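*Asks:* Chains as they are written, first to last, in the working numbering: chain C, 1 to 377; chain F, 378 to 1191; chain D, 1192 to 1457. Backbone N, C-alpha and C define an ideal beta-carbon position, used for all residues, glycine too. Quick caveat: nothing in here was measured; it's all calculated off a predicted structure.
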Amino acid sequence: MSQNAKIGLGRGILIGLTALGIVAGIIRLIAGLGATTNLSDAYPWGLWVSFDILTGVALAGGGFTISAAIYVFNLKKFEPLLRPAKLSAFVGYLIFVIGLFFDLGQPWRIWHPMIMWNPESVLFEVSWCVMLYTTVLAIDILIMALERWQAHSWVGFFRNIYVFLIVAGIVLSTLHQSSLGALFLLMPEKMSNLWASPAIGPLFFTSAIIGGMSMVALESILSAKAYGKKLDMELISSLAKGLGFALVIYFAMKVTDLYARGVSVWSLDWAHLLFYLEIFGTVALPAILLYMPEIRQSSRGIMWCAGLAAFGVVLNRFNVSLTSYGGYRDFWYFPSAIEIILTVGLVAQAILVFDFGMRYLPVHSELTPHGATAETG
Amino acid sequence: MTNHWNDLANSDCVLIVGCNPAENHPISFKYITQVQEKGGKLIVVDPRFTRSASKADLFVRLRPGTDIALFGGLINYAIERGLFHKDYVANYTNAPFLVRGDFAFNPQEGVFSGLNREKHAYDPASWDYEADKDGKPVTDPTLQNPRCVFQLLKKQYSRYTPEMVQQVTGIPVETFLKMADMFCATGKPEQAGTLLYAMGGTQHTTGVQIIRSYTILQQLLGNMGVAGGGINALRGENNVQGSTDMALLFHIVPGYMGIPNEAKHPTLKDYLDKETPKAGWWMNKPKYFVSLLKAFWGEAATPENEFAYHFMPKIGKGFQGSGYSWLPLFENMAEGNIQGMLVWGMNPAVASANLNQTYVALDKLKWMAAFDLWETDTSVFWKRPGANPKDIQTEVFLFPAADALEKEGSASNSGRWIQWRHQAVKPHGDAKSDLWYANALGLELKKLYQEDPKAAAPEAIVKLNWNYGEDPDVHLVAKEINGYTWADKKQVPNFVALKDDGSTACGCWIYSGFYPGPDKKDNKAAARNGKDPSGLGLYPGWSFAWPVNRRIIYNRCSVDAQGQPWNQKRALVGWDANAKKWIRNDVPDFKWIDLATKAEFPPDESLKAPFIMLPEGKSRLFVPKGLCKEGPLPEHYEALECPFVNPVSKQQSNPVIKIWKSAMDKVAQICDPRYPVIATTFRVTEHWQAGAMTRNLSWQAEMMPEMFVEISPSLAKAKGIRPGEWVKVKSARGEVLARANVTNRVAPFCCGAPGFQNTVEMVALPWHFGFAGLITGGPDKKQNYAANQLAPMVGDANTMIPEYKVFLVAVEKA
Amino acid sequence: MKAILIDTTKCIGCRACQVACKSWNDLPGEASTFSETWSNPKYLDADNYTRIIFQETTSPKGELHWNFIKRQCNHCLTPACASACPVGALKKLPDGPVVYNDDICIGCRYCMMACPFQVPKFEWSKAVPLIRKCTFCADRLVNNQEPSCAASCPTGCLVFGERDQLLKEAHRRIGLHPGKYYPEVYGEKTGGGTCKLYLTTASFQTLGLDHQGFRPDLGDYPHGLHGREWMAKVPWVALTVGGLCTGLYFYNKRRGEVQDHDKREG
Ligand SMILES: Nc1nc2c(c(=O)[nH]1)N[C@H]1C(S)=C(S)[C@@H](COP(=O)(O)OP(=O)(O)OC[C@H]3O[C@@H](n4cnc5c(=O)[nH]c(N)nc54)[C@H](O)[C@@H]3O)O[C@H]1N2
Ligand SMILES: Nc1nc2c(c(=O)[nH]1)N[C@H]1C(S)=C(S)[C@@H](COP(=O)(O)OP(=O)(O)OC[C@H]3O[C@@H](n4cnc5c(=O)[nH]c(N)nc54)[C@H](O)[C@@H]3O)O[C@H]1N2
Ligand code: SF4
Ligand code: SF4
Ligand code: SF4
Ligand code: SF4
Ligand code: SF4
Ligand SMILES: [Mo]
């Protein structure tokens, strides 16, 4: 089967899944949460919060990570990755926003936090940051679109406020990425103390960077395959290097945290096993692997490591919000069909949007805000 | 109640026996809790660990039906250890009275002199005081004469040693001694102990004697007539007190006067001569009885026609003697001797014993009229599980009744307080008050008898003094109950003003004084003065307590011979020797004032008769003249269905109970191998009685949704029964499905004479469930979840109350 | 600050309070099934703001005990639920009640996650559900009426009054009957203190009702403060990060231009 045919088939499936997701969403809205999900008073939060909201955002951390690398740490070589990263970040937040909409008991009140304020509430801050940051990302996408339509005067305008967009992006991300963790500061006694930590904010932040980098790495490799572009190996492996570095830092942070709180780490219960898988399988292991040059040089190697790391982030978010959350539960929770279908639909939709962007937006033009290269023309 | 609810707080030791007030009279714990706060003690005696027991300082688990043995033991203990209140016993009880020489009790046979085994009855002639030449009882103030009541009592209960108590009741000796010390401590003059009882004491073939054993102990300990003491029956139905006061019973007319008997009392003269004692307050009976006749037949009641005495229905026609009580009524109904029935505020299809027989009885009715708030299991008896409506010809009428909040009127509580209730809301739909229905029925009957020339003995109805209006005015009824002068229709101040010459009419003499004036403001039942001058919770200005607003009866006994309170802190009355006056916190229950001269009598006057209602003037440790059918002193007999041989005597069960012989009256043998488990029935807070009132309310239903049976872990293990699963409980008469409530609140009993010892399991079933209403007791609409399918149709010899509290069953997995 | 003292040693498990609560709050009865312990309904939910927990225990000495323990919202002094709510639908009123505003709640259920006593419940059966929990009968308090449950309690197990006075009373009772009471008031400090104060025969540790809303491990730290503290840091983080980024951005930009310029020159 030819490359394009494959892609065509892939898109077909994705569209199908998205359609299913939409149907599930409609059912959810009509029948209500109780009827369509396995959520209960014992499990007020389930798959949608753990995956769509917490994970979605964490994996979308690439946007601000790369732009920070470029504009703050002056690592210009990463510029080619910026736009793909932004695009993927945007779809990540799309998942968040749509997921949240369906998860709320009163979806049409999703805007309430804008005018009804509770400055004490971590969730209030998260809502605002996400709202603003999504707007920023939207603008970034808009810029690409404008370029494509040759709307130069507009592009110019945005270039002038670009610095603002970048800084805002980084600040907002720093805040809400860590605040998503801080949500759980309120319920220490309900979580396994392997995760219930006062440092959960910074930990979330760091793992969001890991999530972001690994996703960018994965995307570049996969899209290069998909759209038959040649992969800038040197660039990717230096990204991988960064990822490895982030993983080491995260591991160190985690160890210090556990040590400082004197948590008993060795045990064979459910929570501990998940913890080992997370910390050794998806943090230590990829870190070690990436340390080896031959792996760092091979796109397969990087793909595996990034994959592991990304999975690690997912696992972490589930452990914090679901599997290790021990409220007063005399029941067991497993997401309902609707919950799963809707989530799958969201992911499919996200990939479609990403794919669309990759194909129709100037994601690879060497735009820099300095205008230096833009003299061409 | 000799005392009243608020008075519980005055007690030093509360003895809850045969009742479960935490669940069935929750408000009582408002006062019991206060006792415990003040360091007082709470003892609970029950076969089951109840919500009351959960609050007890001492819980005593006794085998159901063995209270007499326990109290026999306590009486023995109090006498042997000299813990009883000596002056009290000597002065206020009949302890010093000598008993006739031919009176005897046979400890081996366990029966008294005069038993006729064929007739299942005693000739009580010998059960009487020894009288001197002019008929006065002979007494021995030293209590030494072997034939004085005290010595007989001592002899009778010397057999009830702690060991014997254990053999019969299953109460370990040490627990018994703990209880004995705790409660007998109230024998000290300044101490007061109260005793609360209800159905756990009464629903036995020995019910009356069980209660008697309670009262004997209370008399010995000097707990009668004092604040914080007394023997307190926790009445059941809202206003069941009022209904008994008004004689909703087969053997009396209003005011606790015996119903005339066809054979014994053909004329009023016969009745009054035979039924009026020579001494005591009841000497006034003619005034009360004639005033009642006057209230019934008004103008038609004249001296010439013995105040229409011939209209008064008499026992004798129809079913003999106790024939009009519950059990015989249903026996006769089952034999087709009863045509129709007014089911007025009751639900016998769930509440009656041996239901399968009850249903057969109901099937025989030509018609039934049910007055109720709901469609009850009884009004749909014809479509009960297992019945085919086609085979049942009974015509059923259902009349919607207004409930307590929808009508005005009085309700009398256990403390004899007549409390007026105002109408909160108008009756819903076309519901009408019970008074309205009764009045309509009365008027209609008068009309029918009037019009029908062939009517038999119409006058009794036609001439009834019945004018409360088309839409009856409840105040007119109340005023008639209080009594009034016939000539000028003036309300009488109280029963002292009643006459036996037809010049006064009174519906119920004991209530006389609660509505002494013509206006609504004179209605003392509606008085709501919250002041408590004495600080003893007497609240004299709150409603009206019969008689004459006396809150604690027999209160002469709250002071010593000289009229000085046993305990100054709890002085109900007291003699002020200097002022020659009585201090009166409560209305004196003795001869204290000369109504003519208004001079107050010194204590020695009332010392002669501290119990004014009784001819001998003293309380009865020994009940003379066969007023209790099984004997003058309570003796332990086993329940009719029992897994143990009576360890006390050869007499297994009550020798004078009537046992019906119909095909449906099946009973298990003694120690019947087919039914090896004791069963008892009980109530829960969450449900009311036969359930119509609570099984139809979702708020109540959700708390106690399904029929269950309390089973001990050991029985569950033996039968392989898992907690919560459905089990089948079977008796000789029927079976019922229930969820297994496996709990340590019930436990097996190890009883029996040495050598014959045996451990027997007990299960307990709530009896609130049935087959009609919002919830029935289980998921299966084709099931009848009523516990009374199991209970036997056998009753106490005096009251005929069924033995709901002990019978034999088998338990198996459903 | 108003409160209710719940002296469980005085509770006879009559459940008048449970019914009174339903009656005042107009809550439907549920179709239930038999409960082994007799507690019914078996959980708090949107239709049950309070319930009596029946607990049968046997002491080491073999004595049987039957505890009746009322459960409902404890109306914390610094409520985690209120501090969690992103739109401020839950509020602590000065006189005690923690009340809920139907009209602004978005249904995120963060309050349910946050409450240390597992109290707020969700109307799962409805298409557009809201949060439900004991209101402390705030709508009665405003009319100087005591809460429906307290008003209906026959034994004085539930006493409504000023919190500080009730605490005094609680400690008076402990002092009076040292043997009878566990010498601590659950709710005096628990989770930063609550407006429902419990007197018990044994500690909640021994009663072991962790999974029924009475955790012994909550400590005294006000759960409502965790969020507040984090939010206090937020502005500073924002400023620092923002400042650094902007600074470095322009620094880098300048460098970049300089380099370009040199190139041109050279
Ligand atoms: N919630 C509620 N309250 C009620 C009622 C109701 O249906 N529901 N009914 C009302 C009515 S009409 C009545 S008459 C009263 C009845 O009030 P109670 O007499 O308190 O009611 P019961 O539960 O039938 O019996 C009380 C206790 O007697 C115990 N018992 C059984 N056999 C024996 C025995 O041989 N000796 C002793 N000492 N105890 C024994 C039982 O285990 C039970 O716990 O309650 C009234 N109050
Ligand atoms: N196994 C077992 N059986 C028992 C007992 C036991 O302990 N164990 N207890 C016995 C005792 S003590 C009693 S008192 C009986 C009770 O037996 P019942 O009196 O037959 O039972 P209740 O349910 O009290 O019936 C009262 C009815 O009156 C209705 N009602 C309420 N208010 C009004 C009103 O204002 N007007 C009218 N017209 N109707 C009204 C109610 O809806 C209800 O249906 O049960 C007896 N049965
Ligand atoms: S009659 Fe009413 S108030 Fe009295 S105890 Fe029963 S339920 Fe409570
Ligand atoms: S108990 Fe829970 S719901 Fe109630 S105030 Fe405290 S935190 Fe809020
Ligand atoms: S569910 Fe409603 S009340 Fe609870 S936190 Fe969310 S918005 Fe606030
Ligand atoms: S305070 Fe009001 S809402 Fe809360 S439990 Fe009591 S009655 Fe129910
Ligand atoms: S009303 Fe009072 S005594 Fe009854 S269950 Fe509730 S708290 Fe306990
Ligand atoms: Mo009764």
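Can you tell me the Cα-Cα spacing of His462 (chain F) and Ser996 (chain F), whole angstroms?
*Replies:* Answer to the nearest angstrom: the Cα atoms are 14 Å apart.
*Asks:* Name, going along the chain, the residues of the region 1317-1332 of chain D whose beta-carbon falls closer than 9 Å to a beta-carbon of chain C.
*Replies:* Per Cβ criterion, the list reads Lys1317, Ala1318, Val1319, Pro1320, Leu1321, Ile1322.
*Asks:* Run through DSSP, which three-state label would Lys958 (chain F) get?
*Replies:* DSSP places Lys958 (chain F) in strand when its eight states are reduced to three.
*Asks:* Is the Cβ of Leu367 (chain C) closer than 9 Å to any Cβ of chain D?
*Replies:* Because the pLDDT of Leu367 (chain C) is 44, which lies under 50, any placement of that residue in the model is unreliable, and the number read from its coordinates should be weighed accordingly. No, no contact with chain D.
*Asks:* Given a threshold of 16 other Cβ atoms within 10 Å of its Cβ, counted over all protein chains shown, does Pro1100 (chain F) qualify as buried or as exposed?
*Replies:* Pro1100 (chain F) is exposed by the Cβ-count criterion.
*Asks:* With Ile166 (chain C) and Tyr71 (chain C) assumed to form a contact (beta carbons below 8 Å), what rounded beta-carbon distance in angstroms separates them?
*Replies:* Sure, about 5 Å apart at Cβ, within 8 Å.
*Asks:* Give every residue of the same chain whose Cβ lies closer than 6 Å to the Cβ of Lys1006 (chain F), excluding the five residues on either side of it in the sequence, and list them in chain order.
*Replies:* Val1033, Ala1174, Asn1175, listed in sequence order.
*Asks:* Against chain F, with Cβ distances strictly below 9 Å, would Gly1399 (chain D) count as a contact?
*Replies:* Chain F, which has no Cβ nearer than 9 Å to the Cβ of Gly1399 (chain D), makes this no.
*Asks:* Please report the distance separating the alpha-carbon of Leu218 (chain C) from that of Gly307 (chain C).
*Replies:* About 7 Å.
*Asks:* Once you ignore the five residues that flank Ile95 (chain C) on each side, which residues in its own chain have a CB closer than 6 Å to its CB?
*Replies:* Excluding residues within five positions, the ones whose Cβ falls inside 6 Å are Asp52, Gly56, Leu346, Ala350.
*Asks:* Determine the extent of the beta strand (DSSP E) in which Ala1194 (chain D) is found, giving its start and end residues.
*Replies:* That run of the beta strand (DSSP E) goes 1193-1198.
*Asks:* Around the Cβ of Ser1214 (chain D), are there at least 16 other Cβ atoms within 10 angstroms (buried) or fewer (exposed)?
*Replies:* With fewer than 16 Cβ atoms within 10 Å of its Cβ, Ser1214 (chain D) is classed as exposed.
*Asks:* Enumerate in chain order the residues of its own chain whose CB-to-CB distance from Trp969 (chain F) is below 7 Å, with the five nearest sequence positions on each side excluded.
*Replies:* Hits under 7 Å: Trp959, Glu977, Phe978, Ser983.
*Asks:* In the structure shown, what three-state DSSP assignment does Arg359 (chain C) receive?
*Replies:* Of the three classes helix, strand and coil, the one that applies to Arg359 (chain C) here is helix, per DSSP.
*Asks:* Answer yes or no: the CB of Arg928 (chain F) versus the heavy atoms of ligand 7, is any distance below 8 Å?
*Replies:* For ligand 7, not one heavy atom lies less than 8 Å from the Cβ of Arg928 (chain F).
*Asks:* Indicate whether at least one CB of chain C lies closer than 9 Å to the CB of Trp1229 (chain D).
*Replies:* No, no contact with chain C.
*Asks:* Would you mind listing the alpha helix (DSSP H) stretches within the region 720-769 of chain F that are 4+ residues and don't spill past its ends, in chain order?
*Replies:* If we require 4 residues or more, the alpha helix (DSSP H) runs fully inside the region 720-769 of chain F come out as 725-728, 732-740.
*Asks:* I want to know whether the region 666-684 of chain F touches the region 1009-1028 of chain F - three or more CB-CB distances under 8 Å.
*Replies:* Not touching, per the Cβ criterion.
*Asks:* Take Arg1331 (chain D) as the anchor and find which of D:Ile1260, D:Phe1351, D:Gly1279, D:Gln1309 has the nearest alpha-carbon.
*Replies:* Of D:Ile1260, D:Phe1351, D:Gly1279, D:Gln1309, the residue nearest in Cα terms is D:Phe1351.
*Asks:* Excluding the five sequence neighbours on either side, which residues of its own chain have a C-beta within less than 7 Å of the C-beta of Pro501 (chain F), listed in chain order?
*Replies:* The answer, listed in chain order, is Gly491, Lys1002, Gly1003.
*Asks:* If you scan the region 963-1050 of chain F from start to end, which runs of the alpha helix (DSSP H) of 4 or more residues do you find wholly inside it?
*Replies:* Taking only runs of at least 4 residues, the alpha helix (DSSP H) segments lying wholly in the region 963-1050 of chain F are 980-984.
*Asks:* Starting from the N-terminal side, write out each stretch of the alpha helix (DSSP H) that is 4 residues or longer and does not extend beyond the region 1255-1328 of chain D.
*Replies:* Within the region 1255-1328 of chain D, the complete alpha helix (DSSP H) runs of at least 4 residues are 1271-1275, 1301-1305.
*Asks:* Consider the Cβ of Ala374 (chain C): report whether some Cβ of chain D lies at a distance smaller than 9 Å.
*Replies:* Below a pLDDT of 50, predicted positions are generally treated as unreliable, and Ala374 (chain C), at 34, falls in that range; the measurement from the model is reported next regardless. It does not; no Cβ of chain D falls within 9 Å.
*Asks:* Go through its chain and collect everything with a Cβ distance to Gln485 (chain F)'s Cβ below 7 Å, but skip five positions before and after it.
*Replies:* Answer for Gln485 (chain F): Ser1026, Lys1027, listed in chain order.
*Asks:* Less than 9 Å between CB atoms is the rule here; does Leu1074 (chain F) satisfy it with respect to chain D?
*Replies:* Closer than 9 Å: yes.
*Asks:* Can you list, in chain order, the residues of its chain with a C-beta nearer than 7 Å to that of Leu14 (chain C)? Leave out the 5 residues immediately preceding and following it.
*Replies:* If we look at Leu14 (chain C) and ignore the five residues flanking it on each side, its Cβ neighbours are Ala348, Ile351, Leu352.
*Asks:* For chain D, find out if any of its Cβ atoms is closer than 9 Å to the Cβ of Ile1098 (chain F); answer yes or no.
*Replies:* No, no contact with chain D.
*Asks:* With 9 Å as the threshold, decide whether the Cβ of Leu33 (chain C) is near any Cβ in chain D.
*Replies:* True, the Cβ-Cβ gap to chain D drops below 9 Å.
*Asks:* Between Leu1255 (chain D) and chain F, is the shortest Cβ-Cβ distance under 9 Å, so that the two count as touching?
*Replies:* Cβ-Cβ to chain F under 9 Å: yes for Leu1255 (chain D).
*Asks:* Do you know how far the Cα of Tyr360 (chain C) is from the Cα of Ala89 (chain C)?
*Replies:* When rounded, the distance between both Cα atoms is 17 Å.
*Asks:* Counting only Cβ pairs nearer than 7 Å, list the residues of chain D close to Phe124 (chain C).
*Replies:* Pro1277, listed in chain order.
*Asks:* I'd like to check one pair, Cys934 (chain F) with Tyr469 (chain F): are the Cβ atoms closer than 9 Å?
*Replies:* Their beta carbons are under 9 Å apart, which means Tyr469 (chain F) touches Cys934 (chain F) by this criterion.
*Asks:* Select from C:Trp45, C:Thr135, C:Arg296 the residue whose C-alpha is nearest the C-alpha of Ser324 (chain C).
*Replies:* Of the listed residues, the one whose Cα sits closest to Ser324 (chain C) is C:Trp45.
*Asks:* Report buried or exposed for Thr1228 (chain D), applying the criterion of at least 16 other Cβ atoms within 10 angstroms of its Cβ.
*Replies:* Counting Cβ neighbours within 10 Å, Thr1228 (chain D) comes out exposed, since fewer than 16 surround it.
*Asks:* Is any beta-carbon of chain C found at less than 9 Å from that of Leu1358 (chain D)?
*Replies:* Cβ-Cβ to chain C under 9 Å: no for Leu1358 (chain D).
*Asks:* Looking at the C-beta of Phe1225 (chain D), does it have a partner C-beta in chain C at a distance below 9 Å?
*Replies:* With 9 Å as the cut-off, Phe1225 (chain D) does not count as an interface residue toward chain C.
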